[in-house]
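> 1 is the number of the first residue of the sequence shown in UniProt numbering; add one for each residue after it.
No residue lacks a Cβ here, since even glycine has one placed at the ideal position from N, Cα and C.
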Amino acid sequence: MYRPPKPAAYTPASLSPEGPHHEVKEAKNPKLLGPITFRYPSAFEEVLIGARAVEIASAGRAAPVALEALPLRARLLAEAIATLEYVIKTAPEGWYAKGADGKPVLAPGLIGEGDEDLVLEVYEAYLRWKEAFRERSSGASEPGPAQALVPGGEPDGGAGPVADDEP
Numbered sequence: 001m002y003r004p005p006k007p008a009a010y011t012p013a014s015l016s017p018e019g020p021h022h023e024v025k026e027a028k029n030p031k032l033l034g035p036i037t038f039r040y041p042s043a044f045e046e047v048l049i050g051a052r053a054v055e056i057a058s059a060g061r062a063a064p065v066a067l068e069a070l071p072l073r074a075r076l077l078a079e080a081i082a083t084l085e086y087v088i089k090t091a092p093e094g095w096y097a098k099g100a101d102g103k104p105v106l107a108p109g110l111i112g113e114g115d116e117d118l119v120l121e122v123y124e125a126y127l128r129w130k131e132a133f134r135e136r137s138s139g140a141s142e143p144g145p146a147q148a149l150v151p152g153g154e155p156d157g158g159a160g161p162v163a164d165d166e167p
């Protein structure tokens, strides 16, 4: 059963945009071992990730299955596989399958028996990496000049007009 690593293993100082962002250290298949680098998905890819998760959950059925209808572990695996298909930039050889054209295709859903929990481990590492760049520490400075130009970006929340104000 998958057990998340201790939080102390993940510190913002050890995370960087360049990577590697996670190291798979234990697996039955030695081809899965090694560093993994992530990237941020685009807005369109975020939509595709959601659609892919539903596709995985539906497992070829004609009518889509709502992710919420799945048991928790199945839902997490569907979301993890769909996300990792888009956000893994580099990974060890075992994370890939041969595509129709013979080229490697990222395939975290095809990881063999006994190593399925690695999908959740790497997904959790991705979420921690992504959140490390979103968090703003309590001692962070005020928004920069570009943010101050956006209505509502001022420290007082902005006093400018809003969409439903009458002219």
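#1: Leaving out five residues on either side along the sequence, give the residues of the same chain with a beta carbon under 6 Å from the beta carbon of A80.
#2: Taking Cβ to Cβ, would you say L48 is nearer than 7 Å to A57?
#3: Please report the distance separating the alpha-carbon of H22 from that of A59.
#4: Can you list, in chain order, the residues of its chain with a C-beta nearer than 8 Å to that of V105? Leave out the 5 residues immediately preceding and following it.
#5: Touching or not, the segment 28-48 and the segment 86-94, by the rule of three or more beta carbon pairs under 8 Å?
#6: Would you say the beta carbon of Y96 is closer than 6 Å to some non-hydrogen atom of the ligand NAD?
#7: What do you reckon, are the CB atoms on D115 and L33 nearer than 7 Å?
#8: For residue 169, which option in T83, A53 and E26 has the closest C-alpha, if you only look at C-alpha atoms?
Short version:
#1: V119, L120 and Y123
#2: no
#3: 29 Å
#4: Y96, A97, K98 and G99
#5: yes
#6: Of ligands this structure carries none, so the ligand NAD is not represented either.
#7: no
#8: Nothing about residue 169 can be reported from this structure: the residues present for the chain run from 1 to 167 only.
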